[in-house]
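Going letter by letter, the sequence shown gives residues -5 to 351 in the numbering used here. From the three backbone atoms N, C-alpha and C, an ideal C-beta is built for every residue, glycine too. Computed from a predicted model, the values in this text were never measured in an experiment. Below you'll find the structure, written out as structure tokens, and then a few comments.
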Amino acid sequence: MRGQPQEFDRVLSSMCTEPHPVAREAAERFLATNPGDPATYQSVAELEDEAIAGLGEIVGLDDPAGYIASGGTEANIQAVRIARNRAVSSTPNVVVPESAHFSFQKAADVLSVELRVAPLTDDWTADVGAMRRFCDEDTALVVGVAGTTEYGRVDPIPELADLANDVGALCHVDAAWGGFILPFTDHEWHFGHADVDTMTIDPHKMGAAAIPAGGLVARDGELFDALAVDTPYLESAKQATLTGTRSGAGVASAAAVMAECWPDGYREQYERAQGNAEWVADALAERGFDVVEPELPLVAVPVSEELFASLREAGWRVSRTADGKLRVVCMPHVTREILDSFVADVDRLQATANINT
Ligand code: 0PR
């Protein structure tokens, strides 16, 4: 085999990162295990219990139910599926803010529920009034995002949970990316702050676990009954996950890295990432860019089509929001040195562009 994985030194758009060394080591050891069959693969099943207990601690639940999924997409699909299967209405709908990740479109498609997409406030957070206007008696789920994909914003989760209660719907929080950084901020986003039913929180993003390790956590284990199917010929009698065979590597790496890093290692990681985001935001603002203030370690900045193209040409892995702003996601692999060289390239490429115009 000739292929080599990419270097991380110019990757600014990814929400995944280099796994922590303990995550890498655990993933390798548990490669041949299948937590999809917990009665047969008992040691990885125990690690999954540890991982879920760890996620529970992070999201303010003493007795969490949940499992390590293939990623945030599966976790979001499953949350929508729980709500749909419990809904009384035969035509259930799900109300999401416009910032919701595109996995909700997939969920709505595969589960045949109507997705109602409410506009945002000027600060790119969910507009609770608009969300309320989109709700009716068929609303099965109200979704909030704690750490949005494009702008790193945190929706008003307590208000959205109240809205869900008012309309008799479940409340799901998508903290796929934000879940491992929000504990070190003042935001109100988790089960301890609001009447949230389910949450997505992905170890393979800010948790620094190996891919695949997404997380779905529920306040009440009964919610998973809406998903369970009988598995008569397995050693375990029921299964509530979406996939059958699952990655023991992902599960073991998530358990290992959380045991190692929660809370101090993750706090340091957050502080470094947030410091870097503020540094690059200031550096770009000084150069006249109209930078969006990074509430979490994600900077969005409008740049010209030409600069964006030339940064990509120079090897930078950057992407843009739907309305055209370049995103710098300050994941753990994004160091100050990397950002320094990014800003130097911005200067160099802009100077070249100015000469050419
Ligand atoms: N929810 C939120 C808030 C997300 O940001 C994402 C993914 C998901 C759910 C879905 O998670 P999975 O991708 O684990 O199913 N956010 C990034 C995105 O789609 C994922 C990503 C990761 C993109 C690495 C690029 C990349 O290189 O933009």
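Within the segment 238 to 305, the complete alpha helix (DSSP H) runs of at least 4 residues fall at 242 to 255 and 258 to 280. Judged by DSSP in its simplified three-state form, Ile195 adopts coil rather than helix or strand. In this structure, the C-beta of Asn348 stays at least 7 Å away from each heavy atom of the ligand 0PR. Nearest C-alpha to Thr346 among Phe96, Gln99, Ala308 and Ala248: Ala308.
Contact between the segment 32 to 45 and the segment 260 to 267 is absent, with fewer than three C-beta pairs closer than 8 Å. Linking Ala120 to His184 through their CA atoms gives a straight-line distance of about 16 Å. Between Pro29 and the set Ala20, Glu22, Ala39 and Ala21, the nearest pair of CA atoms involves Ala39. Linking Arg240 to Arg314 through their CA atoms gives a straight-line distance of about 32 Å. Around Ala101, the same chain offers Asn70, Ile71 and Val74 as residues with beta carbons nearer than 7 Å, after the five sequence neighbours per side are excluded. By the Cβ rule, the segment 245 to 254 does not count as touching the segment 94 to 111, because fewer than three pairs are nearer than 8 Å. Straight-line measurement puts the Cα of Ala338 at about 17 Å from the Cα of Glu272.
Rounded to the nearest whole angstrom, the CA to CA distance from Val245 to Gly282 is 45 Å. By the Cβ criterion, the segment 329 to 344 is in contact with the segment 274 to 291, since at least three pairs of Cβ atoms, one from each stretch, lie closer than 8 Å.
In this structure, Ala202 sits near Thr11, with a CB-CB distance shorter than 8 Å. For Gln233, the three-state secondary structure derived from DSSP is strand. Lys319 has Pro296 as its beta-bridge partners, per DSSP. Counting C-beta pairs closer than 8 Å gives three or more between the segment 170 to 183 and the segment 289 to 300, which meets the contact rule. By the neighbour-count criterion, in which 16 or more other beta carbons inside 10 Å mark a residue as buried, Glu229 falls on the exposed side. Ser304 and Gln344 have their alpha carbons spaced roughly 9 Å apart.
Annotation: Asn87 is outside any alpha helix (DSSP H); the continuous beta strand (DSSP E) that includes it extends over Asn87 to Pro91.
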